[in-house]
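Presented below is the structure to which this report refers.
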Amino acid sequence: MSQAVTIELGEGGEHDARALRNAFGCFTTGVTVITTLAQDGRRVGLTANSFTSVSLDPPLALVCVDLKSSSLGALDAAGRFAVNVLHADHQALARQFVQKGVDRFAGIDTETWRTGVPILPGCMANFECETHHVFDAGDHRVYVGRVVKLRYDPDHEPLVYLQGRFRRVHVDAE
Ligand SMILES: Cc1cc2nc3c(=O)[nH]c(=O)nc-3n(C[C@H](O)[C@H](O)[C@H](O)COP(=O)(O)O)c2cc1C
Numbered sequence: 134m135s136q137a138v139t140i141e142l143g144e145g146g147e148h149d150a151r152a153l154r155n156a157f158g159c160f161t162t163g164v165t166v167i168t169t170l171a172q173d174g175r176r177v178g179l180t181a182n183s184f185t186s187v188s189l190d191p192p193l194a195l196v197c198v199d200l201k202s203s204s205l206g207a208l209d210a211a212g213r214f215a216v217n218v219l220h221a222d223h224q225a226l227a228r229q230f231v232q233k234g235v236d237r238f239a240g241i242d243t244e245t246w247r248t249g250v251p252i253l254p255g256c257m258a259n260f261e262c263e264t265h266h267v268f269d270a271g272d273h274r275v276y277v278g279r280v281v282k283l284r285y286d287p288d289h290e291p292l293v294y295l296q297g298r299f300r301r302v303h304v305d306a307e
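Using our numbering, you'd call the opening residue of the sequence shown number 134 and step up by one each time.
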């Protein structure tokens with residue numbers, strides 16, 4: 134029997150929010166850590182699955198950050214950020230970049246490339262971006278970045294996020 138749920142969204146409310154979250158959660162994504170540099174030189178980062186490629190020419194990508202995020206000020210002031218795409222063995226790292234009141238970068242030797250934002254080593258891909266366009270959409274701020282440098286290593290298996298859980302990709306034998 135199908136467990137499908139159909140909901141017409143009304144005035145908002147708890148029920149709609151849960152249904153929307155569950156439905157959005159049916160879209161499989163990768164997992165990234167967005168990094169930037171605060172004005173006092175502190176490294177700032179948060180786990181995000183809202184990364185989307187936007188344009189090849191010019192090279193643009195976007196991330197959406199909650200307006201309540203403590204990283205917002207640093208992202209706005211820096212005008213640059215990096216998107217670090219995690220691989221399957223990075224689950225602990227993804228959890229580390231959600232934790233409150235800790236140094237999320239503890240034990241991580243970050244690299245710097247062109248703009249000075251911290252780049253996480255050993256990722257499946259890294260995109261260093263200069264902020265191209267910023268706008269608020271509902272309860273999130275959308276940062277469209279122009280990619281100025283990248284690295285990728287397709288030999289890794291990706292870390293996947295679906296329905297609120299980290300997963301691995303199952304590749305069918307040909
Ligand atoms: C898998 C996963 C994906 C997430 N994606 C996003 C996202 O795209 N945007 C966002 O603002 N928060 C996202 N979060 C939540 C933030 O990581 C979390 O709220 C943040 O680390 C809070 O810290 P901050 O206030 O210092 O930014 C995600 C969390 C997880 C575990």
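Ideal placement from N, C-alpha and C gives every residue a C-beta, glycine not left out.
CA-to-CA distance, residue j to residue i, given in whole angstroms
| i | j | result |
| --- | --- | --- |
| Met257 | His265 | 24 Å |
| Ser188 | Gly178 | 24 Å |
| Pro287 | His220 | 10 Å |
| Ala181 | Val304 | 24 Å |
| Ile149 | Asp242 | Residue identity differs from the one stated: residue 149 is Asp in this sequence, not Ile. So the two alpha carbons sit approximately 42 Å from each other. |
| His223 | Arg300 | 11 Å |
| Cys159 | Arg176 | 32 Å |
Cut-off 8 Å between Cβ atoms - residues of its own chain near residue i, not counting five sequence neighbours on either side
| i | result |
| --- | --- |
| Thr245 | Pro251, Ile252 |
| Met134 | none |
| Gln172 | Ala207, Ala210, Ala211 |
| Asp200 | Reading off the sequence shown, one finds Leu at residue 200, where the question assumed Asp. Asp269, Asp272, His273, Arg274, listed in sequence order. |
Residues sharing a beta bridge with residue i, DSSP
| i | result |
| --- | --- |
| Asp199 | His273 |
Cβ neighbours of residue i in the same chain (closer than 7 Å, five flanking residues each side left out)
| i | result |
| --- | --- |
| Val302 | Glu290, Pro291, Val293 |
| Tyr276 | Leu195, Val196, Val198, Leu208, Phe214, Thr264, Val267 |
Cutoff 6 Å; reference residue i; Cβ partners in own chain excluding five residues on either side
| i | result |
| --- | --- |
| Thr169 | Val177, Ala207, Leu208, Ala211, Phe214, Val250 |
Residue-level contact to chain B via CB, residue i, 8 Å cutoff
| i | result |
| --- | --- |
| Pro287 | Of the chains in the structure shown, none is chain B; there is only one protein chain. |
My parser needs the alpha helix (DSSP H) runs of 4 or more residues fully inside the segment 242-301; what are they? none
The segment 208-227 touching the segment 247-254, judged by at least three CB pairs closer than 8 Å: yes
Complete runs of the alpha helix (DSSP H) confined to the segment 204-245 [at least 4 residues]: 205-211, 224-229
Three or more C-beta pairs closer than 8 Å, one from the segment 152-171 and one from the segment 291-304: is that the case here? yes
Would you check if the segment 269-286 and the segment 181-192 touch, i.e. whether three or more CB-CB distances between them fall below 8 Å? yes
Quick one: which unbroken beta strand (DSSP E) runs of 3-plus residues sit fully inside the segment 143-171? Chain order, please. 165-170
Should the segment 144-158 be regarded as contacting the segment 197-212, the criterion being three or more beta carbon pairs within less than 8 Å? no
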